[in-house]
Amino acid sequence: MVLLDEVLSYDNNSLHAVCTIWPDCILLPDGANALPGWLGMEIMAQGVGAWAGAHALDAGRPVQLGFLLGTRKLTFGLPEIPVGIVLDVQINLSWQDNATNMGVFDCTLTCRTPPPGSDDPAPGTPLLSGALNVFSPTSREALDAILGR
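Per the working numbering, numbering of the sequence shown is gapless, rising by one per residue and ending at 168.
Here it is as structure tokens:
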């Protein structure tokens, strides 16, 4: 499941991507015209995954599986994210421990383009922000241990 439309830029500490909430978005509840705001965490987590994957590929390594462990300071600008909106996804590395492959990323979703036929929310409006705690297993054996295999 890939929700990001495009990675616009990334560097050692951040990534900027774009995501459109399409009517057939896999996270959208049946018959709904908006995504519950808390599901925006998955979009932010995919930004973190894209950042980690881009750095792995740059280093000639395979892309690793990652896990969202939790979030802190989750702040909602709106309770729902409307269908048709185009989001700016910004992630910034706050802390990383290379020994354990754990990290914390400060993430935000803001309105890039309102849904068609609407001026609300206005471009630049913050929709969701929070600090995501993430983990990537260091080996196949570590992943198997986590998954109980």
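We put the CB at the ideal spot given by N, CA and C, even for glycine.
Asked: Tell me whether Val67 sits in a helix, a strand or coil according to DSSP, three-state version.; Found: helix
Asked: So is Thr132 buried or exposed if we call it buried at 16+ other beta carbons inside 10 Å?; Found: exposed
Asked: Of the residues Ser137, Asp163, Val123, Gly72, which one's Cα is nearest the Cα of Leu112?; Found: Val123
Asked: Considering just the uninterrupted stretch of the beta strand (DSSP E) at Pro168, what are its terminal residues?; Found: For clarity, residue 168 is Arg in the given sequence; the question names Pro instead. Premise fails: Arg168 is in no beta strand (DSSP E) and is neither H nor E.
Asked: Between the region 125 to 142 and the region 74 to 88, do at least 3 Cβ pairs fall closer than 8 Å?; Found: no
Asked: Does DSSP put Leu46 in a helix, in a strand, or in coil?; Found: coil
Asked: Quick one: using the 10 Å Cβ neighbour count with 16 as the cut-off for buried, is Ala141 buried or exposed?; Found: exposed
Asked: Relative to the C-alpha of Asp30, which candidate in Val37, Met60, Ala69 has its C-alpha closest?; Found: Ala69
Asked: For Trp41 and Val102, I'd like the C-alpha separation in whole angstroms.; Found: 6 Å
Asked: State the Cα-Cα distance for the pair Gln83 and Leu27, rounded to the nearest angstrom.; Found: 21 Å
Asked: For the beta strand (DSSP E) containing Ile110, list its first residue and its last residue.; Found: 105 to 116
Asked: Of the choices Ser137, Lys92, Ile62, whose alpha-carbon is the least far from that of Val170?; Found: Any answer about residue 170 is impossible in this case: the structure gives the chain only from 20 up to 168.
Asked: Report the partner residues of Ile100 according to the DSSP bridge assignment.; Found: Leu54
Asked: Have a look at Ile100, Asn120, Asp163 and flag the residue whose alpha-carbon is nearest the alpha-carbon of Cys44.; Found: Ile100
Asked: How many whole angstroms separate the CB atoms of Leu146 and Gly79, which I take to be in contact at a CB cut-off of 8 Å?; Found: Rounded, the Cβ-Cβ distance is 36 Å, inconsistent with contact.
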